[in-house]
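Numbering (the working numbering), first residue to last: 259 to 508.
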Amino acid sequence: MIRPSATRIALIYPELLGTYGDGGNAIVLAQRLRWRGLPVEVVHVPAGEPIPDSCDIYLLGGGEDEPQVLAAEGIRQGRSLLRAVAGGAAVLAVCAGYQVIGATFPGGDGTVHDGVHLVDVETRRSFEPPGAPPPPRAVGDIVVQPDPRLGLPTLYGYENHGGRTRPLPGGSGFPLGAVRLGVGNGTPDRTDGIVDGKVIGTYLHGPVLAQNPALADLLLSWVHGSLPPLDGPPEAERLRQARARALAVS
Ligand code: GLN
């Protein structure tokens, strides 16, 4: 029997972009493939190592301001992430990772750094007029109603960030969804994240794919084609419902 080649999931720089447990997104993707009897390989890419351009899904997590600057420098070198996406790979980038795949983002001292510019967004400590106090750090639960084009149920997570992120004028892509609780991008239109082709940026930690398995399956379907449905444990859906009730959103 010819076995399909393994789906390769790259976890990028977990020492720099692992502060908020987003490495769990790799575990969720891998397990949802295994439950379907499909082969998978999780490729850990330590900081300082070249990023392979041959993986199917790339995961970038959240991190502190200075590690995030180091991560951006590493990811820009060799341009392998840009090549992989041009070749059809998918990306899920969370918080610091989301900021890094944009055009620019602030370091800990407020200096603006170049990102990878995989998506047309920019991040600043504040978009308020000069002299106005910056907004407070966004910390807490976040609930997002996804864009209907994605066909996803409500997304739940938590956020913890100082940066605010907005689309570049004339840029491509659309927000991941509308913020119903929390801050997200922190833009006046109250959106979170961006979707551009097979690239998703978001402020949702959780890990987001553990709390939102439909989002995990969307990413997998982008690189794998349609997948047989998977009945998760009934506890998972009960937990989602309990969470919705606790946050008073349906
Ligand atoms: N350092 C970034 C900020 O505070 C990202 C934080 C995070 O990844 N949770 O905006």
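Note that beta-carbon positions come from the ideal geometry of N, C-alpha and C, so glycine has one too.
Exercise for review: On a CA-only basis, which of HIS302, GLY346 and GLY281 is nearest ALA268? Give me that one, please.
Suggested key: Here residue 268 refers to the residue found at position 10 of the sequence shown. Nearest option by C-alpha distance: HIS302.
Review point. Does the Cβ of HIS419 lie closer than 7 Å to at least one heavy atom of the ligand GLN?
Key: By 1-based counting over the sequence shown, the position of residue 419 is 161. True, at least one ligand heavy atom lies under 7 Å from that Cβ.
Point to revise | Residues near ARG395 in its chain [Cβ-Cβ closer than 8 Å; skip 5 each side] | key: One-based indexing of the sequence shown puts residue 395 at position 137. Hits under 8 Å: ASN418, HIS419 and GLY420.
**Study point:** Any alpha helix (DSSP H) of 4 or more consecutive residues that is wholly inside the segment 447-478
**Key:** Runs found: 466-469.
Review point. Since VAL402 contacts GLY435 with CB under 8 Å, what's their CB separation in whole angstroms?
Key: One-based indexing of the sequence shown puts residue 402 at position 144. One-based indexing of the sequence shown puts residue 435 at position 177. Rounded, the Cβ-Cβ distance is 4 Å, consistent with contact.
Practice item. Starting from the Cα of PRO491, find the closest Cα among ALA468, LEU473, ARG503 and LEU477 and give me that residue. Key: Locating residue 491 in the sequence shown gives position 233, where the first residue counts as 1. Among ALA468, LEU473, ARG503 and LEU477, the Cα nearest to that of PRO491 is on ALA468.
Check your understanding: Do the CB positions of GLY320 and TYR278 come within less than 8 Å of each other?
Key -> Working through the sequence shown from its first residue, we reach residue 320 at position 62. Working through the sequence shown from its first residue, we reach residue 278 at position 20. TYR278 is positioned such that its CB atom lies closer than 8 Å to that of GLY320.
Review point. Does the ligand GLN have even one heavy atom less than 7 Å from the beta-carbon of CYS353?
Key: As a position in the sequence shown, residue 353 is number 95, starting the count at 1. Yes, the ligand GLN has a heavy atom inside 7 Å of this Cβ.
Check your understanding: To the nearest angstrom, how far is it from the Cα of GLY360 to the Cα of PRO388?
Key -> Numbered from 1 along the sequence shown, position 102 holds the residue referred to as residue 360. Numbered from 1 along the sequence shown, position 130 holds the residue referred to as residue 388. For GLY360 and PRO388, the distance between alpha carbons rounds to 23 Å.
Check your understanding: Regarding TYR271 and the ligand GLN, is the C-beta to nearest heavy atom distance less than 7 Å?
Key -> Translated into positions along the sequence shown, residue 271 becomes position 13. Set against 7 Å, the gap from the CB of TYR271 to the closest heavy atom of the ligand GLN is not smaller.
Exercise for review: Would you list the residues sitting across from ALA436 in a DSSP beta bridge?
Suggested key: Translated into the one-based positions of the sequence shown, residue 436 becomes position 178. DSSP lists GLN403 and THR449 as partners of ALA436.
Practice item. Assign GLY587 to one of three DSSP states: helix, strand, or coil. Key: Because the chain spans 259 through 508 in this model, residue 587 falls outside it and cannot be assessed.
Review point. Does the beta-carbon distance from ILE458 to LEU350 come in below 8 Å?
Key: By 1-based counting over the sequence shown, the position of residue 458 is 200. By 1-based counting over the sequence shown, the position of residue 350 is 92. Against a cut-off of 8 Å, the Cβ pair of LEU350 and ILE458 comes out as a contact.
Review point. Of the residues GLY276, ASN443 and LEU291, which one's Cα is nearest the Cα of ALA329?
Key: Within the sequence shown, the letter at position 71 stands for residue 329. Put simply, of GLY276, ASN443 and LEU291 the residue whose alpha carbon is nearest the alpha carbon of ALA329 is GLY276.
Practice item. Label VAL441 either buried or exposed according to how many other C-beta atoms from any shown protein chain fall within 10 Å of its C-beta, with 16 as the threshold for buried. Key: Position 183 of the sequence shown holds residue 441. When all chains shown are included, VAL441 counts as buried.
Review point. Is there at least one non-hydrogen atom of the ligand GLN closer than 7 Å to the beta-carbon of GLN469?
Key: Your numbering for residue 469 matches position 211 in the sequence shown. No, the beta carbon of GLN469 sits no closer than 7 Å to any heavy atom of the ligand GLN.
Review point. When burial is assigned at 16 or more other CB atoms within 10 Å of the CB, is THR460 buried or exposed?
Key: Within the sequence shown, numbered from 1, the residue matching residue 460 stands at position 202. Label assigned to THR460: buried.
Review point. When burial is assigned at 16 or more other CB atoms within 10 Å of the CB, is GLY415 buried or exposed?
Key: If you number the sequence shown from 1, residue 415 lands on position 157. GLY415 should be labelled buried.
Practice item. Compute every distance between the C-beta of GLU386 and the non-hydrogen atoms of the ligand GLN, then say whether any falls below 7 Å. Key: For the purposes of this step, residue 386 is identified with residue 128 of the sequence shown, where counting begins at 1. Incorrect: GLU386 has no Cβ contact closer than 7 Å to the ligand GLN.
Point to revise | ASP399: CB within 7 Å of a non-hydrogen atom of the ligand GLN | key: Translated into the one-based positions of the sequence shown, residue 399 becomes position 141. No, Cβ of ASP399 sits at least 7 Å from all heavy atoms of the ligand GLN.
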